[in-house]
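K.L.:
Sharing a structure here in structure tokens format.
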Amino acid sequence: MWKFIHKFASPKYFYNISGKILPPLGWITVALFAVGLVGALFLSPPDYQQGESVRIIYIHVPAAMLSMSCYVAMAVSAAIGLIWRIKLADIVAWAIAPIGMTMTIIALITGSLWGKPMWGTYWVWDARLTSELILLFLYLGFIALQTAIEDTRTAARASAILALVGLVNIPIIKYSVNWWNTLHQPATISKMGKPSIDASMLWPLLVMIAAYMCYFAWLTLKRARCEVIYRERNSSWVKKMVGEAS
Amino acid sequence: MSQPPLHEPGLIEVFGAVLRRELTLAFRHRGELINPLMFFVIVITLFPLGIGPELNTLQRISPGIIWVAALLATLLSLDTVFRSDFEDGALEQMVLSPQPLPLIIIAKLAAHWMLTGLPLILLAPLLGYMLAMPVEALPPLMATLALGTPVLTLVGAIGVALTVGLNRGSALLSLLVLPLYIPLLIFAASAVDTAASGMSITGHLLILGALLVFTLTLAPVAIAAALRISTS
Chain A
1 MWKFIHKFAS
11 PKYFYNISGK
21 ILPPLGWITV
31 ALFAVGLVGA
41 LFLSPPDYQQ
51 GESVRIIYIH
61 VPAAMLSMSC
71 YVAMAVSAAI
81 GLIWRIKLAD
91 IVAWAIAPIG
101 MTMTIIALIT
111 GSLWGKPMWG
121 TYWVWDARLT
131 SELILLFLYL
141 GFIALQTAIE
151 DTRTAARASA
161 ILALVGLVNI
171 PIIKYSVNWW
181 NTLHQPATIS
191 KMGKPSIDAS
201 MLWPLLVMIA
211 AYMCYFAWLT
221 LKRARCEVIY
231 RERNSSWVKK
241 MVGEAS
Chain B
1 MSQPPLHEPG
11 LIEVFGAVLR
21 RELTLAFRHR
31 GELINPLMFF
41 VIVITLFPLG
51 IGPELNTLQR
61 ISPGIIWVAA
71 LLATLLSLDT
81 VFRSDFEDGA
91 LEQMVLSPQP
101 LPLIIIAKLA
111 AHWMLTGLPL
121 ILLAPLLGYM
131 LAMPVEALPP
141 LMATLALGTP
151 VLTLVGAIGV
161 ALTVGLNRGS
171 ALLSLLVLPL
181 YIPLLIFAAS
191 AVDTAASGMS
201 ITGHLLILGA
211 LLVFTLTLAP
221 VAIAAALRIS
231 TS
């Protein structure tokens, strides 16, 4: 088990195996997006209350889901790097951070675009919106700290601690914001609650979620691969590979 | 090789020694002690000037103003808590010492809190009164500050420990720490709000107490880990 992990965690092995995974994963992503987008934008019916605006949801929900799971993945990966000193884990955490941040931004923007026709305003200090905004700040902090420290090892370890503190804080933020909000404006929002969703709308949503996840995996691998080869630029295997190519 | 065994100081002794050192150092720089307090007072003074002197409005927003000002004042004063020790090498000695680093950190932060958090708590009722806060909301305000300012110090110190080696740490510090302050701000300000409308705030205070215990146990460990990284 440990032997396998160490083998997989070696940059060279990772570089080779990710090179094999990437192309099929990329095509799966494209196929899922094609099916999902056609289903979401053309085949699924408009909502009887929300009209055509409901189609924003197919973009919004997967992004919002990923924005949170990206943070967990990033923090866990950073923790693995911090505890077992696996360089690859640091790289993966660093690769995930901007993706998670982008997902958060997409979720916020599409959410406010959806909010305008639905709630009549782009922004409400609703529990979900607020905690999503704080999540964005946490990502920004992680990236800012990572870029502020010059030595990559130190940067990775310092930002790993920050990611872990943020991870502890996320449930607290989530519940405190919920609680704060219900205290002040009880009767609003969360139409996203759980209306039993019709099958004709459910399947494009599920396909879109799968597409986002594949896209996330593809992008993470791609970014991690670039970062691996950059950080290992002085090692013999990279020099040899580059030498062969040129 | 037969040296007499060194006197191993006990944990309380270490705590006391660090606390004394910090307080002595602080009192040698008396002028700096007053700065965060002045900041606190001036920020709060700016709000009535900016918003206008209507008492109803001020009364409505006063818990939030006082808490946000306390939060910023703590962050401002925390910025230097490890700085001078880092620059003259004392911090490395603390990291290297055989005594548990989290304990030394708790002592340092306790001294810091006594010099910044405590005066804030004492000053807050006066400012609350000036912002037209009802008198029965003043003791709850002090209670939330008493439970909350140590949390501000502890959580902020994590960010300070991470950025202490950086040249331009201050701007980064606020980005790292302020999002982590949000739960505390929400609970504390709504506790004072609730008290102002005459309801019981036991629940709020219990949550604030839980946050305090939680950070008091875990934050020193995180700060110690961060300092080890920053000094390595």
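Residue numbers (my numbering), protein chains in the order written: chain A, 1 to 246; chain B, 1 to 232.
Glycine included, each C-beta is placed from N, C-alpha and C at the ideal position.
All values derive from a computational prediction rather than experimental measurement.
#1: Which of the three DSSP states, helix, strand or coil, is assigned to A:G51?
#2: I think B:P220 touches B:I105, with their Cβ atoms under 8 Å apart; what is that distance to the nearest whole Å?
#3: For a cutoff of 8 Å on Cβ pairs, would you count A:S176 as touching chain B?
#4: Report yes if the C-beta distance between B:I34 and B:F47 is below 8 Å; otherwise report no.
#5: Give the straight-line distance between the Cα atoms of A:N169 and A:S131, rounded to the nearest whole angstrom.
#6: Can you confirm whether A:G141, when its beta carbon is compared against all beta carbons of chain B, has any partner nearer than 8 Å?
#7: What residues in the stretch 227-245 of chain A bring their beta carbon closer than 9 Å to a beta carbon of chain B?
#8: Pick from A:I143, A:W84 and A:T110: whose alpha carbon is nearest that of A:R55?
#9: From the DSSP output, in three-state form, read off B:V81 for me.
#10: Report the CB separation of A:I149 from A:A155 in whole angstroms; it is logged as a contact under 8 Å.
#11: In chain order, what residues of the stretch 92-115 of chain A put their CB closer than 9 Å to some CB of chain B?
#12: Does DSSP put A:R153 in a helix, a strand or coil?
#13: Report all residues from its chain with a CB closer than 6 Å to the CB of A:V92; omit the five preceding and five following residues, and keep chain order.
#14: So, with DSSP's three-state summary, where would you put B:A224?
#15: With 7 Å as the limit, tell me which residues of the stretch 179-208 of chain B have their beta carbon closer than that to any beta carbon of chain A; keep them in chain order.
#16: If we cut at 8 Å on Cβ distances, does A:N16 have a partner in chain B?
#17: Closest to B:L115 by CA distance: which of B:L78, B:A90 and B:L127 is it?
#18: Is the closest heavy atom of the ligand MG to the C-beta of A:L206 under 7 Å?
#19: So with CB distances below 9 Å, who are the chain B contacts of A:T154?
#20: Of all the CB atoms in chain B, is at least one closer than 8 Å to the CB of A:A187?
#21: So B:A235 contacts chain A; which residues on that side make the cut at Cβ distance below 8 Å?
#22: Helix, strand or coil: how does DSSP classify A:N234 here?
#23: So A:W84 contacts chain B; which residues on that side make the cut at Cβ distance below 9 Å?
#24: Applying the 10 Å Cβ sphere with the 16-neighbour rule, what's the burial state of B:F40?
#25: Rounding to the nearest angstrom, what Cα-Cα distance links A:R231 and A:P11 in this structure?
#26: So, helix, strand or coil for B:I207, using DSSP?
#27: Taking only the alpha-carbon atoms, compute the straight-line gap between A:T152 and A:W125 and give it to the nearest angstrom.
#28: I'd like to check one pair, A:W123 with A:S112: are the Cβ atoms closer than 8 Å?
#29: If you draw a straight line from the C-alpha of B:E32 to the C-alpha of B:L72, how long is it?
#30: Using a Cβ-Cβ cut-off of 8 Å, state whether A:L162 counts as contacting chain B.
#31: Do the CB positions of B:G148 and B:A188 come within less than 8 Å of each other?
P.N.:
In short:
#1: In the first sequence, the residue the question calls residue 51 of chain A occupies position 51. Correct three-state label for A:G51: strand.
#2: Position 220 of the second sequence, counted from the first residue, corresponds to residue 220 of chain B. Position 105 of the second sequence, counted from the first residue, corresponds to residue 105 of chain B. Contact flag correct, Cβ pair sits at about 5 Å.
#3: For the purposes of this step, residue 176 of chain A is identified with residue 176 of the first sequence, where counting begins at 1. Closer than 8 Å to some Cβ of chain B, the Cβ of A:S176 qualifies, so yes.
#4: Translated into positions along the second sequence, residue 34 of chain B becomes position 34. Translated into positions along the second sequence, residue 47 of chain B becomes position 47. Against a cut-off of 8 Å, the Cβ pair of B:F47 and B:I34 comes out as no contact.
#5: For the purposes of this step, residue 169 of chain A is taken as the residue at position 169 of the first sequence. For the purposes of this step, residue 131 of chain A is taken as the residue at position 131 of the first sequence. Looking at the two C-alpha atoms, the distance is approximately 11 Å.
#6: By 1-based counting over the first sequence, the position of residue 141 of chain A is 141. At least one chain B Cβ lies under 8 Å of A:G141.
#7: none
#8: Residue numbering aside, residue 55 of chain A sits at position 55 when the first sequence is read from its first letter. Considering only A:I143, A:W84 and A:T110, the residue with the shortest C-alpha distance to A:R55 is A:T110.
#9: Your numbering for residue 81 of chain B matches position 81 in the second sequence. Reduced to three states, the DSSP call for B:V81 is coil.
#10: Counting from 1 along the first sequence, the entry for residue 149 of chain A is found at position 149. Counting from 1 along the first sequence, the entry for residue 155 of chain A is found at position 155. That pair is a contact at about 4 Å.
#11: none
#12: Numbered from 1 along the first sequence, position 153 holds the residue referred to as residue 153 of chain A. Note: A:R153 maps to helix in three-state DSSP.
#13: Locating residue 92 of chain A in the first sequence gives position 92, counting from the first residue. Closer than 6 Å at the Cβ level, and outside the excluded window around A:V92, lie S77 and A224.
#14: As a working note, residue 224 of chain B is residue 224 in the second sequence. Of the three classes helix, strand and coil, the one that applies to B:A224 here is helix, per DSSP.
#15: P179, L180, I182, P183, I186, F187 and S190
#16: In the first sequence, residue 16 of chain A corresponds to position 16, counting from 1. Chain B contact via Cβ: absent.
#17: Working through the second sequence from its first residue, we reach residue 115 of chain B at position 115. Ranking B:L78, B:A90 and B:L127 by Cα distance to B:L115 puts B:L78 first.
#18: The ligand MG is not among the ligands present in this structure, which contains no ligands whatsoever.
#19: What you label residue 154 of chain A is simply residue 154 of the first sequence in a count that begins at 1. Result: G165, I229, S230 and S232.
#20: Along the first sequence, one-based indexing puts residue 187 of chain A at 187. The pLDDT assigned to A:A187 is 40, lower than 50, so where the model puts this residue is not dependable; a value taken from the coordinates is nonetheless given after this. Taking Cβ atoms only, chain B never reaches closer than 8 Å to A:A187, which makes this a no.
#21: Any answer about residue 235 of chain B is impossible in this case: the structure gives chain B only from 1 up to 232.
#22: Residue numbering aside, residue 234 of chain A sits at position 234 when the first sequence is read from its first letter. Three-state DSSP puts A:N234 in coil, outside helix and strand.
#23: For this step, residue 84 of chain A is matched to residue 84 along the first sequence. None at all; the shortest Cβ gap to chain B is about 15 Å.
#24: Taking the second sequence and counting its residues from 1, the one referred to as residue 40 of chain B is at position 40. With 16 or more Cβ atoms within 10 Å of its Cβ, B:F40 is classed as buried.
#25: As a working note, residue 231 of chain A is residue 231 in the first sequence. As a working note, residue 11 of chain A is residue 11 in the first sequence. Roughly 10 Å between the two C-alpha positions.
#26: Within the second sequence, the letter at position 207 stands for residue 207 of chain B. B:I207: helix per DSSP, three-state reduction.
#27: By one-based count along the first sequence, residue 152 of chain A stands at place 152. By one-based count along the first sequence, residue 125 of chain A stands at place 125. Taking the straight line joining both Cα atoms gives about 37 Å.
#28: Within the first sequence, residue 112 of chain A is the residue found at index 112, counting from 1. Within the first sequence, residue 123 of chain A is the residue found at index 123, counting from 1. Cβ atoms of A:S112 and A:W123: closer than 8 Å.
#29: As a working note, residue 32 of chain B is residue 32 in the second sequence. As a working note, residue 72 of chain B is residue 72 in the second sequence. A direct Cα-Cα distance of roughly 16 Å separates B:E32 from B:L72.
#30: By one-based count along the first sequence, residue 162 of chain A stands at place 162. Yes, A:L162 counts as interfacial toward chain B.
#31: Start at 1 with the first residue of the second sequence, and residue 148 of chain B comes out as number 148. Start at 1 with the first residue of the second sequence, and residue 188 of chain B comes out as number 188. Contact flag set, yes.
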